[in-house]
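Here the sequence shown stands for residues 2 to 107, numbered as in the numbering used here. Below is one structure, written out as structure tokens; comments come after it.
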Amino acid sequence: MPTIAVTDSSFENDVLKADKPVLVDFWADWCGPCKMIGPALEEISEELSDKVTIAKMDIMANTDTPANFGVKSIPYLVLFKNGEQVAHKLGAAPKSALKGWIESEL
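Structural data, given as structure tokens:
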């Protein structure tokens, strides 16, 4: 399953009320490291689609949710389970490191 786009208005339903874990990638179009990990997150989303949904939130178009979670730097990845934030990771990393981190937190 490809990554999904979430917005301030869809965040509650798409992330907090989701029936499986959701990893949210807070990103922006001008962010070089965000662009670097984007393709890896798309691949991971396909590979782990039965275990986790990977969502992307553009912090420039959606300012309320990032502010609520204290996002100050990007890329910022937050894993939610049962509507609760359970893990977070700041910065870019190779695909293998990202996938390993996600799997270890699921």
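Idealized CB from N, CA, C, for every residue including glycine. Note that the structure is a prediction, hence the values are computed from the model and not measured.
Could you tell me the distance, in whole angstroms, from the CA atom of S46 to the CA atom of V23?
10 Å
Whose CA, out of V25, K18, I5, S10, lies closest to the CA of A88?
V25
Can you list the beta strand (DSSP E) stretches of 3 or more residues lying completely in the region 20-60, in chain order?
23-28, 54-59
Work out the CA separation of I75 and P67 for me, nearest whole Å.
If I take the Cα positions, the gap works out to 10 Å.
Spell out the partners DSSP gives I5 in its beta bridges.
A56
Whole angstroms is fine: what's the gap from A6's alpha carbon to A98's?
Their Cα atoms are separated by approximately 23 Å.
Can you tell me which of the three DSSP states V79 falls into?
In the structure shown, V79 sits in a strand (DSSP, three-state: E or B).
Given a threshold of 16 other Cβ atoms within 10 Å of its Cβ, counted over all protein chains shown, does A62 qualify as buried or as exposed?
exposed
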